[in-house]
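Take a look at the structure set out below.
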Amino acid sequence: MVTEDCVRKLGLVRRNGKVVVTGIGQQAAGTTRGVVTLHLAPRFNDNVVITTSAYVLGKLTSTLPSQRFNIGNMKLLENVKEMADPTFNKPGPIDVILGADVFLALLEGGQVKDESGQTVAQSTVFGWIAAGRYDEAEVTQGNHAIVSLHTEMDLNRTLQQFWEYEEIFKPPPFTPSETKVIEHFDSTTQRDATGRFIVKLPFDDSKPALGESLSAATKRLMSMERRFASNPEFHQEYVNFMREYLELNHMELVPADQLEKQTSEHYYLPHHAVIKADSSTTKLRVVFDASCGTSTGVSLNDRLLAGPNINTDLLSVLLRFRSYKVAFSADIAKMYRQVVVSEDDRDFQRVVWRENTDLPIQHYRLSTVTYGTKTAPYLAIRAMRESAKDYTSTHPAAVERIVHDFYVDDLLSGANNEEEAACIKQEISDILSKSGFELRKWASSCPNLVHDDSPASVPVKLSDEADAVKALGIHWYPNDDQFGFKVNLPINAINTKRQMISDASKLFDPFGWLAPVIVKIKILYQYLWLYDVNWDDPLPTAIESEWVEIKQQLRQLETIRIPRFVTHNRGKLQLHGFSDSSEQAYAAVVYSRCIDDEGNITVVLVAAKSRVAPIKQVSLPRLELNGALLLTELMKKVSEALPNLEIEHFAWTDSTIVLQWLSSHPRSWKTYVANRTSAILEFLPRDRWRHVNSESNPADCASRGISPSELVHHRLWFHGPEWLSADESEWPSNAVQPVLSDELPEARNMKIMHTTETSTTPLRDNYLVEQQLLERRSRFNLIVRSLACVNRFVHNIKSRTEQRHTGQLVPSEIHQAKLQLLRAAQHEVFAPEIKILRSGKLLSSKNVLAALHPFLDSTGTIRVGGRLENSDQPYDRKHPVILPKSHRVTQLLVLELHLQNLHAGPTLLTAVINQQFWIVGCQTVVRDVVRGCTRCVRLKGKTATQLMGNLPPARVLATRAFAYVGIDYAGPLKIKAGCVRGVKVSKGYIVVYVCLSTRAVHLEAASDMSTNTFISTLKRFVSRRGYPNEIRSDNGTNFIGADRVLREFVDQIQSHTKDAERYLSNLGIKWVFNPPSAPHMGGIWEAAVKSVKCHLVAEFGTEATTFEDLTTILCQIEACLNSRPLCPLSSNPDSCEALTPGHFLVGQPLNLIPEPDVRHIPRNRLDQWQDMQHRSVQIWSRWKDEYLASLQPRTKWRSVHPNISVGQLVLVKNDNAPPTQWELARVQEVHPDASGIVRTVTLRRGTTVYQRPIHKLCVLPVN
């Protein structure tokens, strides 16, 4: 690492290099700003001792050391002279941090320790350095700091970018180091007497020297020998491989006099085995590890230059393979080992080996290019291509195939007929054999090419599909000349994120033929980032179920067959590409179409590509454009891979917006669209693009994803649309439905000069056409465009041919049609005002438009005169068009603006309207439109209300106390068995009985919520208060979702409902339930529960209490509640106390009926008993006069609203979910009360029918 300030001071040249840097606890430290090359030298001289690359960062760390200390008493430094940093004891800024890859290379022999051994001085190439602990007594100032720094390539992030931005291969330019390797090969390569190439290894002299490597290689050998002991068969195969190396002279013993060399002049390669069970030649291969670090931390690969990737990309090789009518394949036997390494460099390829542990370890060195070294691919491929250069003039066809038809050591080639194929096959074999490259494992679509006795040929059973030839990972069936797939995935493996990506990567599909299935897997994998699942965590249930379903069907893909040969007629071919996009992905697919001499048409699937949409939201038109760009890149790639064919291109898309974008110059659009349309038009001009319906677009399934079972029988995907196999006259018309200019997104803002033209045509009074369009259309823009088309038709009838308008509607036509529609609304509502303004008079001061000072413009449109004439605002803003609030045009216009601005609220919508229009009563129109928008209503979630209903008879009739009762539960409470320590604490509950007429309260304690306990509390209540005529309670569903404890109420109440009803019916008591989810209908007992809790919390808090104490306190609370005034103190001077529920509970037996009225008898004639009855009657009289009158006002819900009707769509409110997740239901039945007001309805959702009060419903504004 190096600081930005240091790079700037030294004037270093930086390269691109962006890496996320993190520290302890994965805390982000920033992102690097490039890479520079550092040449480091000690401060004593200018001799560069090390050259390395460093990432640039703004700041590396705080000043170090963190504390300043004295070094005068450090005996450690008495014999140390040249310190790398003489002021190492003073805090200072840090400009460079060296990593572990170069640190060990800096150390030299020499180390001094103090007496404690905790402080050490070490000699380095820069001088002496000191580290360790120091005496805290010598500290003069400072603070504490910890420095930890490392870079990390986040695998999640890398894979995420792979799924989103997978690119078609484009060869990068050579780097300076790659160019150096090329020059090294050209200047050092030779050939021996047999024609084999002799190469020298290209070393990077800027890297540190190699260290000791023998010990690591020996340890690896002993590790393999322990494995040999447990697996004799594996041991024998390993021995056979190494014997073959010796027999072919690819490995030789190191002479005894050359064993002892400096560690920097040789390198021992550790080796191990790789088993490839499906190989038809060598099952076991020994791999040599050139990346194993030496004692200095530097490996052989660190010291080697890699060389450029000169391979022809895989897709191009496979596409060329499909262009040959007669095809053949082969590979080079032991390709790397056919290139000899110079004797000067063989000591860098030493190995240790013995066949068994009884023999001494022998030292060998490999004499050929070794697989596992960094430069091996370049050296081998370059040598093979160099072997063909001498035959360019004599065998041009064979040389071309050696250069372009090889992928590493695999040959996929062919010719247009059998004779030419046989000739080219022989020429390729002869040319390569002269350099030691022998071809083997021949296979061909023509059996005559491989049925020979050559020892290099490997017999191929062309009649057996199980022995299909692997053509670069794809299974090729030469007998049928078709491609197929092999699927071998573990069905019962544990489904984790790691296992899922591992299984998905086994579906090797370079052509993209399985794109509809692969994209579905990509989409599932992208969802994992939203779940934030770790690599070895089980998959979420939703994703796992889909993934398991896909895996179980993957084996069906083995039945798919794709023709290898892309048919062409004398080198002529049509390529038809289709692109499409969904919100989750976009895709492109290419087909070849060929017409033979007899007129037969052949359509073949060539290639496809799909990409998932980024997680960040991207508009659908942009994704469609990306799909078109992907198609362009894919068709360009296919065309470049087939340079010998004459290709005609056709591109198809179902997006009219993309076609509109491509129809204009890229400068017309914003940067995002401009860059992509420019890249598209560079290869596929606009006349190559055509429109296709979504139903006929095969790319549609690749953008959405389908299951493997659907893909197997998907004719549209494998053969293209049916009309593609027909004559061109049956292709879809190229006419594209025009898109409104003001609806076309991504347009660049242009400065337009507005001019006003005085119209000489008379003003219209007849707007029948506009009125008819308003009756037939429901969208403002659609009406405007229809009106513009009518105007053009009228204009063209009246004009000469050269003056007629054709093509797409232009903005001026759209603007004139819009004003014309607005004038129709003005003419209908403001006809008197228009007449006055035409006569040149002023409107009356009482007119609603007078304050706006309106005028008629040149087109007869009423505009605001206002006071902004001298401002620099646009004309439409200075003089907006006046519109009536009640006209349909105004409502459609406001609705259109509401939708265009993403369902804008009233404030934003009003601001948008005022920029061009002046609506009389704008707030009313805006409010009605927003309230009438179904989506906005759903998001707000406002429930229905209705006029507060009349009180039931039980609340307003004079009956004895507790004749009509409401019941509710309260709790739970903590109940303990006694007052000693360690007793068990259980739950207890309170049963609240409320008299509906007098609001008297009766409280009972309950030990649980069982049926028997409830009936026991009811018996105790009846015994003390008498039999009630009617009991009311909640339905119970109002408790759902409140919390975990309250959910017990629902189950318990429902469990003892039947038993309780049976008990009550025997006593002649009626039990009435309120509708579900309607707690407001039981407000009287809900209020009593609240009051009880208030007193209970004040007394006990959260402490547990005994059942006896609870019973006692409940009686006291009951006395308090029954002493509360029912209403304010009466103004009657004879009344000295307020009316309370206690007045109705004291003075008479509970089971007696009310006595006859004695108010007509003078009080002085009443006896003591009659006087008591007189007092009781006076109490009920005050109840009627004072308390009952206080119930008269409606404290809320004071207005009458339209009743909910059958068939309306509603959202059912859920207190535990946002409005966007409320259930959608339809009203099946309404239940009006005696006054005809609907307060409860029956809903249907699917097959479920249930009741809800209207206060739990949100009515949707749907006609």
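For what it's worth, my numbering labels the leading residue of the sequence shown as 405, then goes sequentially.
We treat Cβ as the ideally placed atom computed from N, Cα and C, and that holds for glycine.
Does the distance from the CB of Pro1112 to the CB of Gln960 come in under 7 Å?
-> Taking 7 Å as the Cβ cut-off, Pro1112 and Gln960 qualify as a contacting pair.
* **Segment limits, alpha helix (DSSP H) that includes Leu1299** => Run containing Leu1299: Arg1292 to Gln1304, per the alpha helix (DSSP H) assignment.
ask   = In three-state terms, what does DSSP make of Arg769?
value = Strand at Arg769.
* Asked: Alpha carbon to alpha carbon, what distance is there between Ile1019 and Val1062?
  -> About 22 Å.
query = In the structure shown, what three-state DSSP assignment does Met739 receive?
reply = Coil at Met739, not helix or strand.
- prompt: Using DSSP with H/G/I as helix, E/B as strand and the rest coil, what is Tyr1368?
  reply: Three-state result, Tyr1368: strand.
Problem set entry | Under the three-state DSSP convention, the category Asn973 falls into | Shown here, Asn973 sits in a strand according to DSSP, grouped into three states.
Is the number of C-beta pairs between the region 1103–1117 and the region 951–959 that are closer than 8 Å three or more? In short, these stretches touch, since the Cβ pair count reaches three.
* Check whether the Cβ atoms of His1283 and Val1233 lie closer than 7 Å to each other. => No, the pair does not count as a contact, with Cβ atoms beyond the cut-off.
For this session: Please confirm if the region 703–710 is in contact with the region 719–734, defined as three or more CB-CB distances below 8 Å between the two stretches.
Result: No contact exists between the region 703–710 and the region 719–734.
query: Given Tyr672, which residues of its chain have a CB within under 6 Å of its CB, disregarding the five upstream and five downstream residues?
result: Non-local beta-carbon contacts of Tyr672 in its own chain, meaning distances under 6 Å to residues more than five positions away in sequence, involve Ser617, Leu618, Ala621 and Arg754 in chain order.
Report task. Report the rounded CA-to-CA distance for His1053 versus Pro1070, giving the unit in angstroms. Result -> Going by the C-alpha atoms only, they are around 21 Å apart.
Q.
What would DSSP say about Glu1050, mapped onto helix, strand or coil?
A. Annotated three-state conformation of Glu1050 is strand, per DSSP.
| field | Expected contact under 8 Å - CB spacing of Ala784 and Val743 to nearest Å | value | Right, the Cβ-Cβ distance comes to about 5 Å (below 8 Å), so this counts as a contact.
Identity of the residue in His443, Asp450, Ile1323 and Tyr459 nearest Asn420 by Cα: Per the Cα distances, Tyr459.
Touching or not, the region 803–810 and the region 827–835, by the rule of three or more beta carbon pairs under 8 Å?
By the C-beta criterion, the region 803–810 is judged to be in contact with the region 827–835, since at least 3 inter-stretch pairs fall below 8 Å.
* According to the neighbour-count rule (16 or more other Cβ atoms, all chains shown, within 10 Å of its Cβ), is Pro497 buried or exposed? -> With fewer than 16 neighbouring CB atoms inside 10 Å of its own CB, Pro497 falls in the exposed class.
Practice item. Using 10 angstroms around the beta-carbon of Leu663, count the other beta-carbons present and answer buried if the total reaches 16, otherwise exposed. Key: Its Cβ having fewer than 16 others within 10 Å, Leu663 is exposed.
Query raised in the report: Does the distance from the CB of Phe589 to the CB of Arg595 come in under 7 Å?
Result: Contact: no.
In chain order, what residues of the same chain lie with their CB nearer than 8 Å to the CB of His972, ignoring the 5 residues before and after it?
These residues qualify, in order along the chain: Ser727, Ser996, Cys998 and Leu1049.
Does DSSP classify Met1413 as helix, strand or coil?
It is coil, neither helix nor strand.
Bridge partners - Cys827, DSSP secondary structure assignment: Beta-bridge pairing links Cys827 to no other residue.
Closer than 8 Å is the cut-off here; do at least three beta carbon pairs connect the region 1333–1348 with the region 1357–1376?
Fewer than three pairs of CB atoms, one per stretch, sit closer than 8 Å, so the region 1333–1348 makes no contact with the region 1357–1376.
Identify the continuous beta strand (DSSP E) that holds Gln1021 and give its terminal residues.
-> Element bounds for Gln1021: n/a, residue is neither H nor E.
Selected residue, minimal CA-CA separation from Ser695, among Leu1046, Thr777, Glu656 and Ile533: Nearest option by C-alpha distance: Thr777.
So is Ile1286 buried or exposed if we call it buried at 16+ other beta carbons inside 10 Å?
-> So Ile1286 ends up on the buried side.
With DSSP as the reference, label Ser909 as helix, strand or coil. Note: Ser909 maps to helix in three-state DSSP.
Taking its Cβ as the centre, do 16 or more other Cβ atoms sit within 10 Å of Leu1272, making it buried, or is it exposed? The residue is exposed, with fewer than 16 neighbouring Cβ atoms inside 10 Å.
**OP:** Run the CB neighbour count on Arg1227, radius 10 Å, all protein chains shown included, and call it buried at 16 or more, exposed below.
**Re:** Under this definition Arg1227 is a buried residue.
| DSSP beta-bridge partners for Ser848? | Ser848 pairs with Phe732.
From Gln1304, Gln1320 and Gln1295, pick the residue whose C-alpha is nearest to that of Thr1328; which is it? Ranking Gln1304, Gln1320 and Gln1295 by CA distance to the CA of Thr1328 puts Gln1295 first.
Let's see if you can read the secondary structure: which residues bound the alpha helix (DSSP H) around Arg1196?
From DSSP, the alpha helix (DSSP H) with Arg1196 extends over Phe1184 to Lys1202.
Practice problem: Take every Cβ of the region 431–449, pair it with every Cβ of the region 471–479, and state whether three or more of those distances are shorter than 8 Å. | Solution: These segments do not touch.
Between Leu416, Thr465 and Leu1312, which lies nearest to Gly427 when the distance is taken from Cα to Cα? Nearest neighbour of Gly427 by Cα position, chosen from Leu416, Thr465 and Leu1312, turns out to be Thr465.
Self-check item: Alpha carbon of Ala1103 to alpha carbon of Tyr929, nearest angstrom
Solution: Whole-angstrom Cα-Cα distance: 21 Å.
Beta-carbon gap between Val1293 and Ala1221 smaller than 7 Å: Result no, Cβ atoms of Val1293 and Ala1221 do not sit closer than 7 Å.
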